[in-house]
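In my numbering, the protein residues as written are 10 to 262.
In this text, a Cβ means the ideal position worked out from N, Cα and C, and glycines have one as well.
Right, one structure below, let's go through it.
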């Protein structure tokens, strides 16, 4: 069997409606995985599912709020009903920057609900499914370059991604004896319609591209999706508890 193929496996992807999560879902589908695509926007999911099916893949939409425990559990139950759930990617995330000294606690709570609580709820539900069924699987969380460094104006986001990486490593060592691998992918700024506008800001280009990013460019969605595909497939069979950086050398300074 091709160690890089995901055929015969179902992948649950949160945050799949747009941006990075959407690109990851498309990458997994291209590798042969059946998809259960989860996000709040049903319209965005329908568009994604139509694209996957038009390319010959199999995909299903499941609108849900992944900060709600009952809704996450329902999504996992549906995934079990649809196919052989073996893969999960927790791509739901948010980032609300601001100076720490006057950052609202309501904004902190909202950010942690999506970045940390939702990640834990999804990992726990999928991990329970894999362990209960006695099958191996791969869970990929989404961190960031800021999961291992600091950055001004993004203290809550940095804290949330540090938490994601700690959770990833703890779950990896807890579930490794049962064949469940847990890894994180940690991208730098990723090129999307929203972030392209940032490149038009001369100050941003100087501070980020010229001073911090050795590659002098953003990562592409496809590059991150390739990294997730590796972590999801059998070629990464001995890889667990790892944080795979797709950060253009940001953390190598």
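Among the options, the one whose alpha carbon lies nearest that of residue i
{"i": "residue 220", "options": "187, 257, 230 and 189", "result": "257"}
{"i": "residue 247", "options": "235, 192, 262 and 201", "result": "192"}
{"i": "residue 110", "options": "161, 218 and 39", "result": "161"}
{"i": "residue 249", "options": "175, 217, 228 and 223", "result": "175"}
{"i": "residue 98", "options": "90, 85, 259 and 179", "result": "85"}
{"i": "residue 178", "options": "152, 30, 57 and 53", "result": "152"}
{"i": "residue 11", "options": "243, 157, 62 and 253", "result": "243"}
{"i": "residue 52", "options": "31, 121 and 82", "result": "31"}
{"i": "residue 157", "options": "187, 38 and 254", "result": "254"}
{"i": "residue 81", "options": "23, 199 and 224", "result": "23"}
{"i": "residue 132", "options": "61, 148, 55 and 217", "result": "148"}
{"i": "residue 155", "options": "60, 28, 172 and 56", "result": "172"}
{"i": "residue 96", "options": "204, 145 and 261", "result": "145"}
{"i": "residue 134", "options": "215, 217, 79 and 226", "result": "79"}
{"i": "residue 49", "options": "181, 100, 141 and 225", "result": "100"}
{"i": "residue 261", "options": "215, 213 and 224", "result": "224"}
Residues that DSSP places opposite residue i in a beta bridge
{"i": "residue 252", "result": "193"}
{"i": "residue 72", "result": "48"}
{"i": "residue 148", "result": "97 and 191"}
{"i": "residue 23", "result": "47 and 99"}
{"i": "residue 199", "result": "228"}
Residue i CB to nearest heavy atom of the ligand ADP below 7 angstroms
{"i": "residue 147", "result": "For the ligand ADP, the structure offers nothing, since it holds no ligand at all."}
Span of the alpha helix (DSSP H), counted from its first residue to its last, around residue i
{"i": "residue 226", "result": "First-last for residue 226: undefined, no H or E at that position."}
{"i": "residue 173", "result": "164-184"}
{"i": "residue 86", "result": "78-91"}
{"i": "residue 34", "result": "28-39"}
{"i": "residue 214", "result": "Neither: residue 214 is in no alpha helix (DSSP H) and is coded neither H nor E."}
{"i": "residue 118", "result": "114-121"}
{"i": "residue 127", "result": "127-142"}
C-beta atoms of residue i and residue j nearer than 8 angstroms
{"i": "residue 189", "j": "residue 143", "result": "no"}
{"i": "residue 240", "j": "residue 194", "result": "yes"}
{"i": "residue 14", "j": "residue 40", "result": "yes"}
{"i": "residue 19", "j": "residue 43", "result": "yes"}
{"i": "residue 201", "j": "residue 228", "result": "no"}
{"i": "residue 76", "j": "residue 123", "result": "yes"}
{"i": "residue 37", "j": "residue 238", "result": "yes"}
{"i": "residue 103", "j": "residue 120", "result": "yes"}
{"i": "residue 28", "j": "residue 57", "result": "no"}
{"i": "residue 60", "j": "residue 138", "result": "no"}
{"i": "residue 163", "j": "residue 113", "result": "no"}
{"i": "residue 87", "j": "residue 45", "result": "yes"}
{"i": "residue 140", "j": "residue 187", "result": "yes"}
* To do: May I ask you to verify whether the segment 54-73 touches the segment 121-134, counting CB pairs closer than 8 angstroms and requiring at least 3?
  => Taking a cut-off of 8 angstroms for Cβ pairs, the segment 54-73 and the segment 121-134 do not touch, as fewer than three such pairs fall below it.
Quiz item: Do the segment 166-184 and the segment 207-216 meet, that is, are 3 or more Cβ pairs less than 8 angstroms apart?
Solution: Too few Cβ pairs lie closer than 8 angstroms, so no.
For this session: Determine contact between the segment 70-83 and the segment 226-234, defined as no fewer than three beta-carbon pairs at a distance below 8 angstroms.
Result: At 8 angstroms Cβ cutoff, the stretches do not touch.
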